[in-house]
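Step one of this worksheet: look at the structure below.
Protein chains: 2
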Amino acid sequence: MIKIGIVEDNVKIRNLIQRYLDMQKEMSCSVAVDSVEEMLDHLKKFDAPDVLLMDIQLPGMSGIEGIGIIKKEYPDIEILMLTVYHDSHKIFDSLVAGASGYLLKHTSLPEIKESIENLVTGGAPMSPQIARKVIQYFKKSEPQQKPESNLTSREQDIVNGLVDGLSYKLIADRYDISIDTVRAHIRNIYKKLHVNSKAEVIAKSLRGEI
Amino acid sequence: MIKIGIVEDNVKIRNLIQRYLDMQKEMSCSVAVDSVEEMLDHLKKFDAPDVLLMDIQLPGMSGIEGIGIIKKEYPDIEILMLTVYHDSHKIFDSLVAGASGYLLKHTSLPEIKESIENLVTGGAPMSPQIARKVIQYFKKSEPQQKPESNLTSREQDIVNGLVDGLSYKLIADRYDISIDTVRAHIRNIYKKLHVNSKAEVIAKSLRGEI
DNA sequence: TTTTTATTCACATGATAATGTGATTGGCAG
DNA sequence: CTGCCAATCACATTATCATGTGAATAAAAA
């Protein structure tokens with residue numbers, strides 16, 4: 314049974330969602346309040362829910378401020394934002410503060426239900442537009458120059474094999490070359506990187522130093 | 314009509330997906346090859362598809378390298394990764410390189426279809442586990458809960474030695490114990506982590522999976 | 001108290017890795 | 001055309017690792 318709490322100041326929306334979720338047999342939603350402050354009061358007195366649906370625009374403290382406070386006291390509560398805002402700042406601030414998902418308010422009730430289930434099983438529900446913005450964030454943050462690999466593409470292949478934990482034999486099989494060729498490449502890689510073991514190559518690679 | 318291309322070296326999977334997508338009336342999937350190089354050849358000769366499904370582990374150039382090259386020449390193609398890899402590096406590298414979505418290979422055919430539709434209407438499809446890792450990227454401030462290491466502090470010492478690229482002998486010297494003790498610890502570490510080489514331990518550790 | 005568990009050490013053996021030496025091929029630059 | 005270099009392969013030797021088996025001690029848990 315998943316216990317759910319709601320922080321939302323629009324009474325109609327709040328009641329609608331609460332009734333819908335509480336109706337589900339694998340969920341219970343007994344607490345729905347209209348501010349972070351009230352939710353904090355409630356958490357002190359009763360058992361913490363598993364999931365909190367949280368708006369951003371609220372009377373008193375904003376939902377984003379609330380995330381930090383609630384997660385600090387109750388780190389096991391999963392917080393799912395449910396809001397009309399789709400600007401990058403609010404999205405990122407929410408995620409940095411500790412939200413585990415971000416839905417837009419036009420999301421249908423069954424989709425909200427599905428998102429909550431997704432959340433408790435280790436997922437991170439996001440509306441498609443939100444996911445797009447999150448991904449765009451990575452495309453911009455690209456200007457990270459790599460330290461001039463020096464490695465040829467074949468050598469890089471071999472390094473990837475090592476990082477995947479493969480033996481020389483398995484690397485040879487993967488790229489359909491002989492094990493002696495693998496040896497030869499690895500010799501050259503060691504020279505270029507000034508190392509002398511698989512271990513060091515893997516460490517360098519995973520640290521982004523190649 | 315959405316035109317789709319596939320780059321995937323497993324013939325069975327490739328044919329399965331191609332046949333399924335091509336069967337949809339609002340989609341066509343006429344090109345399915347097993348390497349980035351072949352796809353680049355195809356793109357030179359024929360009309361570019363709207364969406365490319367791309368594996369990571371491929372003969373020749375990796376799918377991640379391929380993203381950059383393809384997006385540079387054909388920026389309008391949306392690239393959707395479809396792979397077994399779920400480690401943060403491969404996910405982030407793919408997104409930084411320009412992928413618009415990231416699915417794991419166990420995704421069902423109808424979900425793949427849905428993801429493609431989602432993609433062309435401005436979404437960014439991701440498997441739930443992937444979305445979670447992307448979001449965790451933002452939470453780096455907060456100490457992310459580790460997968461319950463199970464390792465004792467001495468074992469963790471040994472792991473650190475491995476990550477530093479030390480041999481058994483050097484680890485023994487560092488902690489002033491015998492090399493056989495190091496062996497014994499490493500045996501136990503392998504059991505706990507279900508691996509059987511230094512390489513895998515180092516990789517797991519540097520990926521934060523310990 | 002009895003039983004785990006962490007930590008320590010030893011001996012042994014087959015597997016894998018590291019390193020040396022040398023060689024062939026095909027592409028590219030001077 | 002010629003030398004350089006990436007990529008391929010072979011053979012050989014020593015070093016290191018992976019794994020099995022066994023065991024002692026002290027501390028923590030049952």
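Residue numbers (our numbering), protein chains in the order written: chain R, 314 to 523; chain L, 314 to 523.
The beta carbon of each residue, even a glycine, is placed where N, CA and C say it ideally should be.
Small disclaimer: the values here were computed from a predicted structure and weren't measured.
Annotation for leucine 479(L): Arg487 place their beta carbon closer than 8 Å to its own, counting only its chain and skipping 5 residues before and after. The beta-carbon of glutamine 469(L) is placed no less than 8 Å from the nearest beta-carbon of chain R. Within 9 Å of the CB of leucine 393(R), no CB atom of chain L is found; the nearest one sits about 11 Å away. Rounded to whole angstroms, the Cβ separation of aspartate 354(R) and glutamate 321(R) is 16 Å, and the two are not in contact under 8 Å.
Three or more Cβ pairs closer than 8 Å define a contact, and the region 436 to 450 of chain L meets that threshold against the region 428 to 437 of chain R. Taking a Cβ-Cβ cut-off of 7 Å, the neighbours of arginine 445(L) in chain R comprise Gly435, Gly436 and Ala437, given in sequence order.
DSSP, read as helix, strand or coil, puts glycine 435(L) in coil. In summary, the residues of the region 497 to 516 of chain L whose CB is separated from some CB of chain R by less than 8 Å are Val508, Ser510, Lys511, Ala512, Glu513, Ile515 and Ala516, in the order they occur in the chain. Note on lysine 338(R): under 16 other CB atoms within 10 angstroms of its CB, so exposed under the neighbour-count rule. In this structure, the alpha-carbon of phenylalanine 359(R) lies about 13 Å from that of alanine 345(R). Per DSSP, the beta bridge partners of methionine 367(R) are Val320(R) and Met394(R). Pairwise C-beta distances place the region 321 to 330 of chain L in contact with the region 364 to 376 of chain L, as three or more of them are shorter than 8 Å. Annotated as proximal: isoleucine 390(L) and aspartate 363(L), with beta-carbon spacing under 8 Å.
In this structure, the beta-carbon distance from histidine 399(L) to leucine 417(L) falls below 8 Å. Going by beta carbons, isoleucine 471(L) and histidine 498(L) fall inside the 8 Å limit.
If you draw a straight line from the Cα of histidine 402(L) to the Cα of alanine 410(L), it comes to about 12 Å. Per DSSP, serine 375(R) has no beta-bridge partner at all. Taking isoleucine 502(L) as the centre and dropping the five residues before and after it, the same chain places the C-beta of Leu464, Glu468, Ile471, Val472 and Val514 closer than 7 Å to its C-beta, in chain order.
The DSSP-derived three-state label of leucine 417(L) is strand.
Closer than 8 Å to the CB of serine 421(L) there is not a single CB belonging to chain R. Assignment of alanine 361(L) by DSSP, reduced to helix, strand and coil, places it in the coil class.
Contact with chain R is found for phenylalanine 405(L), since one of that chain's Cβ atoms lies less than 8 Å from the residue's Cβ. Here alanine 497(R) carries a helix assignment [DSSP, helix/strand/coil].
Across the structure, leucine 408(L) and methionine 314(L) are spaced so that their CA atoms are roughly 26 Å apart. The three-state reading of DSSP puts methionine 314(L) in coil, since its state is none of H, G, I, E or B. One Cα belongs to leucine 334(R), the other to leucine 393(L), and the distance between them is close to 33 Å.
Residue contact check for arginine 520(L) against chain R: a CB pair falls below 8 Å. Pairing glycine 318(L) with leucine 365(L) gives a Cβ-Cβ distance under 8 Å.
Glutamate 350(L) and isoleucine 380(L) have their C-alpha atoms some 12 Å from each other. Nearest C-alpha to lysine 357(R) among Glu378(R), Ala437(R), Gln331(R) and Glu386(R): Glu386(R).
The C-alpha of glycine 436(L) lies about 44 Å from the C-alpha of serine 510(R). Alanine 516(R) sits close to valine 476(L), with the two beta carbons spaced by under 8 Å.
Per the DSSP secondary-structure output, methionine 336(L) pairs with nothing in a beta bridge. For leucine 475(L), the chain R residues whose Cβ falls inside 7 Å of its Cβ are Ala512, in order along the chain. The DSSP-derived three-state label of serine 343(L) is strand.
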